[in-house]
Amino acid sequence: MLDHLSIPVSDLHRSRRFYEQALKPLGYEQVKDMKFAVSFGVLMGYGQSADPGGEFWLFQGEVASRPPVHFAFSAESRAEVDAFFAAAVAAGGEDNGQPGVRAQYHPDYYAAFVRDPDGYNIEAVYHRIEAVYHRVP
Numbered sequence: 001m002l003d004h005l006s007i008p009v010s011d012l013h014r015s016r017r018f019y020e021q022a023l024k025p026l027g028y029e030q031v032k033d034m035k036f037a038v039s040f041g042v043l044m045g046y047g048q049s050a051d052p053g054g055e056f057w058l059f060q061g062e063v064a065s066r067p068p069v070h071f072a073f074s075a076e077s078r079a080e081v082d083a084f085f086a087a088a089v090a091a092g093g094e095d096n097g098q099p100g101v102r103a104q105y106h107p108d109y110y111a112a113f114v115r116d117p118d119g120y121n122i123e124a125v126y127h128r129i130e131a132v133y134h135r136v137p
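Read in order, the letters of the sequence shown correspond to residues 1 to 137 in full-length UniProt numbering.
Dropping the structure here:
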């Protein structure tokens, strides 16, 4: 549904380093660098992202003091969620919810939450889809 998403960051260089490390365990990498903005996605070549959710852009701009924004990145396994959390915290992210099941969403919702350097709430989530669909009548 989405082609791309972009958010302002207070320090593009710092945020680029953070997201390079935090998103690497999920298979995302920098796709484009336009000096004033950078994008991340699943690189398929020719500077294009193969991610069906589109590219995730960062651009230098003004950020609200604790942005009320939440982004969730898909993971392929619980291990990827764990690796995302460890990498994001090691890169300077703030723990906003350690890896674990969030049964309030559904019994197989496994996620971790981190606040990035500007305070955005980012999440990596793994859904055991086959288990979810078997419960649907």
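Backbone N, C-alpha and C fix where the C-beta goes; we use that ideal spot for every residue, glycine too.
Residue i (DSSP reduced to helix, strand or coil)
i	result
Q60	strand
D33	strand
V136	Caution applies to V136, whose pLDDT of 49 falls short of 50 and renders its modelled position unreliable; the value that the coordinates give is listed next. If DSSP states are grouped into helix, strand and coil, V136 belongs with coil.
E55	strand
R66	coil
residue 147	Here the chain covers residues 1 to 137 and nothing more, so residue 147 does not appear.
E80	helix
Endpoints, the alpha helix (DSSP H) within which residue i is located
i	result
E20	L12 to L23
V42	Where V42 is concerned, there is no enclosing alpha helix (DSSP H), given that its DSSP letter is neither H nor E.
Straight-line Cα distance separating residue j from residue i
i	j	result
F40	I7	12 Å
N96	F71	13 Å
R16	P107	34 Å
G92	R78	22 Å
S65	Y120	10 Å
P99	L5	25 Å
R135	F59	Confidence at R135 is low in this model, with a pLDDT of 49, below 50, so its placement is unreliable and the value that follows should be read with caution. When rounded, the distance between both Cα atoms is 41 Å.
R128	S10	36 Å
W57	Q104	30 Å
V114	K32	24 Å
F18	A37	14 Å
Opening and closing residue of the beta strand (DSSP E) in which residue i lies
i	result
D95	E94 to V101
R128	First-last for R128: undefined, no H or E at that position.
In DSSP terms, what residue i is bridged to
i	result
Y71	A small correction: the amino acid at residue 71 is Phe; Tyr does not occupy that position in the sequence shown. Paired residues: I122.
A112	A124
S6	W57
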